[in-house]
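Structure record follows, encoded as structure tokens.
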Amino acid sequence: MKMGMLASRNSTKAVIYIVCIFLALISIFPFWIMFMNATRSTFEIQQNSVAFWPSTFLSSNWKILVGKSFNPLTGFMNSMLVSTGATLGAVYFSSLTAYALVAYSWKLRQPFFTFIMAILMIPAQVSSIGFYQFMYSIHWTNSLWPLILPAIATPAMVFFMRQYLMATLSLEIVDSARIDGAGEFYTFNRIILPIMKPAIATQAIFSFVFSWNNLFLPLILLTNNKKYTMPIMVSLLRGDIYKTEYGSVYLGLALTVLPLFVIYFLLSKYIIAGVALGALKE
Amino acid sequence: MRRKGINYAKYGYIFSIPFVVTFLIFSLYPILYTTVIGFTDLRGLGRTDINFLDNPFQNFQIILTNATFQKALSNTALIWIMNFIPQMLVAFLLTAWFTNRRFKVRGQGVFKVLIYMPNIITAATIALLFYSLFGYPKGPVNDVLMAFGLTDEPMNFHLQKWTARTVVAFIQFWMWYGHTMIVLIAGVLGISPTLFEAAEIDGASAPQIFFRITLPRLKTIVLYTLVTSMIGGLQMFDIPKLFLLGGPDSATLTTSVFIYNQAFSGSYLYNRAAAASMIMFVIISILSALLFFILRDRDPGRARRRERELRRIARTLDGEVSV
Numbered sequence: 005m006k007m008g009m010l011a012s013r014n015s016t017k018a019v020i021y022i023v024c025i026f027l028a029l030i031s032i033f034p035f036w037i038m039f040m041n042a043t044r045s046t047f048e049i050q051q052n053s054v055a056f057w058p059s060t061f062l063s064s065n066w067k068i069l070v071g072k073s074f075n076p077l078t079g080f081m082n083s084m085l086v087s088t089g090a091t092l093g094a095v096y097f098s099s100l101t102a103y104a105l106v107a108y109s110w111k112l113r114q115p116f117f118t119f120i121m122a123i124l125m126i127p128a129q130v131s132s133i134g135f136y137q138f139m140y141s142i143h144w145t146n147s148l149w150p151l152i153l154p155a156i157a158t159p160a161m162v163f164f165m166r167q168y169l170m171a172t173l174s175l176e177i178v179d180s181a182r183i184d185g186a187g188e189f190y191t192f193n194r195i196i197l198p199i200m201k202p203a204i205a206t207q208a209i210f211s212f213v214f215s216w217n218n219l220f221l222p223l224i225l226l227t228n229n230k231k232y233t234m235p236i237m238v239s240l241l242r243g244d245i246y247k248t249e250y251g252s253v254y255l256g257l258a259l260t261v262l263p264l265f266v267i268y269f270l271l272s273k274y275i276i277a278g279v280a281l282g283a284l285k286e
Numbered sequence: 008m009r010r011k012g013i014n015y016a017k018y019g020y021i022f023s024i025p026f027v028v029t030f031l032i033f034s035l036y037p038i039l040y041t042t043v044i045g046f047t048d049l050r051g052l053g054r055t056d057i058n059f060l061d062n063p064f065q066n067f068q069i070i071l072t073n074a075t076f077q078k079a080l081s082n083t084a085l086i087w088i089m090n091f092i093p094q095m096l097v098a099f100l101l102t103a104w105f106t107n108r109r110f111k112v113r114g115q116g117v118f119k120v121l122i123y124m125p126n127i128i129t130a131a132t133i134a135l136l137f138y139s140l141f142g143y144p145k146g147p148v149n150d151v152l153m154a155f156g157l158t159d160e161p162m163n164f165h166l167q168k169w170t171a172r173t174v175v176a177f178i179q180f181w182m183w184y185g186h187t188m189i190v191l192i193a194g195v196l197g198i199s200p201t202l203f204e205a206a207e208i209d210g211a212s213a214p215q216i217f218f219r220i221t222l223p224r225l226k227t228i229v230l231y232t233l234v235t236s237m238i239g240g241l242q243m244f245d246i247p248k249l250f251l252l253g254g255p256d257s258a259t260l261t262t263s264v265f266i267y268n269q270a271f272s273g274s275y276l277y278n279r280a281a282a283a284s285m286i287m288f289v290i291i292s293i294l295s296a297l298l299f300f301i302l303r304d305r306d307p308g309r310a311r312r313r314e315r316e317l318r319r320i321a322r323t324l325d326g327e328v329s330v
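Chains as they are written, first to last, in this note's numbering: chain U, 5 to 286; chain P, 8 to 330.
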């Protein structure tokens, strides 16, 4: 009987590994095809669209790609500016707001926290018409500021930072800093922020990736091609001028996600831990 | 030197100012503005004047009886269900396997990293990538299907309503089941291990442990996932917009794509789009209220467990940061 149980456990384990490997391959397959086809000519792709090894047409694909409307360097620079700016604003001011909620007892503290919980899930999309009209009337439609500044108020991040501070901060540290004569602002910048480093690191990654991937608002606001971000560059590849340039389209797609792949494979440990941490806000 | 009787409470207000001011300018004002536009005749590029309609609810009536909007709503619901059910099933299956102490699945870290990966990749890029992958008559998916003899003829996924919807739902599934799995695993790891040990000593089988112990304790997390996924699903935009531009025959047109098309792709019907946005806002607010009740503070025991778990993860992260 024991042998039978062992045998069935082993066959269950075999099934588990087969399913997991299959799912892992499904995650990799689309991106593998994308990177390989980025180096192949349209003719090769038409002959056989699945290839496991690269070909030699990377530079000619690049020439065709940048010869039309797709400008990877402009897109990269704009996306970098937006994502870095939004991330810095979001992590700094979310930490500051969370600190206000944890370290001080003020009359409106609890109502303010309830308010943050209430607006936690309101997406920017539902106010996009008013947002567009507002930006239009102050001539900010082709500016990157409306993509950066709203990040200063990120309720979900304040919520996360508050939970983190509640679990890790002892107010004795704050008190001893006060005894040493430190100002409140100095205490936050020099003592609290370093304590929050792990939380800031994970939230910064998510904030950066979120900004980098954002399509809706940039698509509405930006009409000047010098201001285009990466996802808008991607949407250009959907146009007729790239219709028959298979290799170049794959190359364009690969370029937009290359930074994400680098970030992901360097930091996947933190990212996975960050998702798990976020789940604990149950 | 510490001055006696110093009032620190004011710093609570001061440190909250940037958040509040930003929220008022970039969130609240646009929401109110959108609401107002919903009651006006505002259409056409470059207008900012406000003229209220004689029948203030005209835009809302037109939108609610608009066949395309109704179709967009039902498409959104349909595609969301088609992605959510398999997503939950697969995520639960993997969670059951990965947290089972008898199986001890090796290489879990690698599987998690690969399965979660699509979640952080630009949705716009994924939409176009799948457009190419499902190409007709030559495309990687058709090539693979033919090579394995699953079809004799290449399939035109882009032209059939149901294949198009299925591909969009599959993309959503593929991007999110890894995320859901990690959330569920975190939930299982938060359950006290003594419960599992006791069950094992009593000779409970793996399915018994899963259905009798694990599942009931994941109720909150599953509800949380359900509501956040619904709110996210209501905003589905990038994939349907770029995969088939809402086609074929509006089969993948979602409410967000509908709103975008009303306002920004040639017709400039800002008032109608604003009315549709407000309808979505009401639906999302109801769902948010639900979430609010799920998230509100629980009994102290649960709060302590959560705190312990947060500390544990914080320590691990801290250790890794300093390496």
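Every residue gets a Cβ at the ideal spot worked out from N, C-alpha and C, and that includes glycine.
If you're wondering where the values come from, they're calculated on a predicted model, not measured in any experiment.
A straight line joining the alpha-carbon of P:F26 with that of U:M165 spans about 14 angstroms.
Here U:V238 has T260 as same chain residues with Cβ atoms under 6 angstroms from its own Cβ, once five neighbours each way along the sequence are excluded. Short of 6 angstroms from the beta carbon of P:P63, and not among the five residues preceding or following it, lie these beta carbons of its own chain, in chain order: F46.
Of all residues in the stretch 112 to 125 of chain U, the ones placed with a Cβ closer than 8 angstroms to any Cβ belonging to chain P are L112, R113, F116, M121, A122, I123, L124 and M125, in chain order.
Taking a beta-carbon distance threshold of 9 angstroms, U:A280 counts as an interface residue toward chain P. According to DSSP, P:T47 shares a beta bridge with P:F59.
Interface residue (Cβ-Cβ distance to chain P less than 9 angstroms): U:F135 is classified as such. Looking at the backbone, the Cα of U:S174 and that of U:A181 are separated by about 12 angstroms.
CA-CA distance, U:F35 to U:F26, rounds to 15 angstroms.
In the three-state scheme derived from DSSP, where H, G and I count as helix and E and B as strand, U:W110 is classed as coil. Contact check for U:T46 against U:G251 passes: the beta carbons are separated by less than 9 angstroms.
When the five nearest sequence neighbours on each side are left out, the beta carbons in the same chain lying within less than 7 angstroms of the beta carbon of P:R279 are those of N66, I69, I70 and Q269, in order along the chain.
The beta carbons of P:T232 and P:V190 sit about 6 angstroms from each other, so the pair counts as a contact at 8 angstroms. Below the 9 angstroms Cβ cutoff, chain U contributes R13 as neighbours of P:R109, in chain order. Taking 9 angstroms as the cut-off, the beta carbon of P:S295 is found closer than this to the beta carbon of U:M125. Residues of the same chain with their beta carbon placed closer than 7 angstroms to that of P:L136 are lacking, with the five preceding and five following residues left out of the count. Under the criterion of beta carbons closer than 8 angstroms, U:L221 and P:I128 do not qualify as touching, at roughly 19 angstroms. Along the stretch 77 to 106 of chain P, going in chain order, the ones with a CB nearer than 7 angstroms to a CB of chain U are W104. Residue state for U:K201 is assigned as helix, using DSSP reduced to three classes.
At least one CB of chain U lies nearer than 9 angstroms to the CB of P:S139. Shown here for U:S87: same chain residues with a beta carbon closer than 6 angstroms to its own, the five before and five after excluded, namely F212, S215 and W216 in chain order. Considering only beta carbons, the part of the stretch 188 to 206 of chain U lying closer than 9 angstroms to chain P consists of E188, F189, F192, K201, P202, A203, A205 and T206, in chain order. With contacts defined by Cβ atoms closer than 9 angstroms, P:A98 and P:F217 do not form a contacting pair. At a cut-off of 9 angstroms between beta carbons, U:A107 contacts chain P.
Of all residues in the stretch 70 to 87 of chain U, none is placed with a Cβ closer than 7 angstroms to any Cβ belonging to chain P.
As for any alpha helix (DSSP H) of minimum length 4 sitting wholly inside the stretch 203 to 278 of chain P, the runs are 213 to 216, 226 to 241, 245 to 250 and 262 to 271, ordered along the chain. The beta carbon of U:P58 does not come within 9 angstroms of any beta carbon belonging to chain P, so the residue lies off that interface.
By the criterion of at least three beta-carbon pairs nearer than 8 angstroms, the stretch 90 to 97 of chain P is in contact with the stretch 181 to 196 of chain P. Closer than 9 angstroms to the CB of P:S263 there is at least one CB belonging to chain U. Contacts between U:M234 and chain P, judged by CB atoms closer than 9 angstroms, involve T129, A131 and T132 in chain order. In this model, P:T201 and P:S212 are separated by some 16 angstroms (Cα to Cα).
The count of Cβ pairs closer than 8 angstroms, one atom from the stretch 233 to 245 of chain P and one from the stretch 259 to 266 of chain P, reaches three, so the stretches are in contact. Using a Cβ distance threshold of 9 angstroms, P:G116 and P:Y275 do not count as a contacting pair.
Listed in chain order, the positions of the stretch 150 to 171 of chain P with a beta carbon within less than 9 angstroms of a beta carbon of chain U are D150, V151 and A154. Under the 8 angstroms Cβ criterion, the stretch 267 to 283 of chain U does not count as touching the stretch 60 to 78 of chain U, having fewer than three qualifying pairs.
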